[in-house]
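Numbering (the working numbering), first residue to last: 234 to 378.
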């Protein structure tokens, strides 16, 4: 897969370690940078690439992962979840069809971050009776508002 990645300046070292890890997993990475102190700009550019299909998924970083999640979710077609445990990382994909995850470089250890990323990237959303209608409702609302 082609993975969009970006962060705020404070998370640059964390992001670089995660980029190397994602490449080790066999994925291509598009780095949207970290120079802009307004992390929303970076998050939105990466989210636009995911929403447009230029990248298959995204992984974004800031101190908590919350700010980049909020910014990415403003992009139509981008569905970002802030994850902090393996179960949530899997369910973001399997239940919610999230195409972006966000992590906090100041609150997530490096080894846990790698486990979260691996769990998320190993999953594939398959439309199903339990979750499909819920995901459809979110997409429908977005398209009509």
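Think of the CB as a built atom: it goes at the ideal place given N, C-alpha and C, for glycine as much as any other residue.
Sheet register partners of residue i (DSSP bridge)
i           : result
residue 247 : Looking at the DSSP assignment, residue 247 forms no beta bridge with any residue, so it has no partner.
Contacting residues, own chain, Cβ-Cβ under 6 Å from residue i (five flanking each side not counted)
i           : result
residue 310 : 284
residue 263 : 237, 288
residue 356 : 323, 326, 327
Residue range of the beta strand (DSSP E) that includes residue i
i           : result
residue 387 : Examination of residue 387 is not possible in this model, given that the chain is present from 234 through 378 alone.
residue 315 : 313-315
residue 336 : 333-337
7 Å CB neighbourhood of residue i in its chain, flanking five on each side removed
i           : result
residue 315 : 298, 299, 302, 335
Length of the line joining the Cα atoms of residue i and residue j
i           : j           : result
residue 367 : residue 330 : 10 Å
residue 235 : residue 251 : 14 Å
residue 257 : residue 325 : 22 Å
residue 317 : residue 337 : 8 Å
residue 279 : residue 374 : 22 Å
residue 319 : residue 259 : 20 Å
residue 377 : residue 276 : 24 Å
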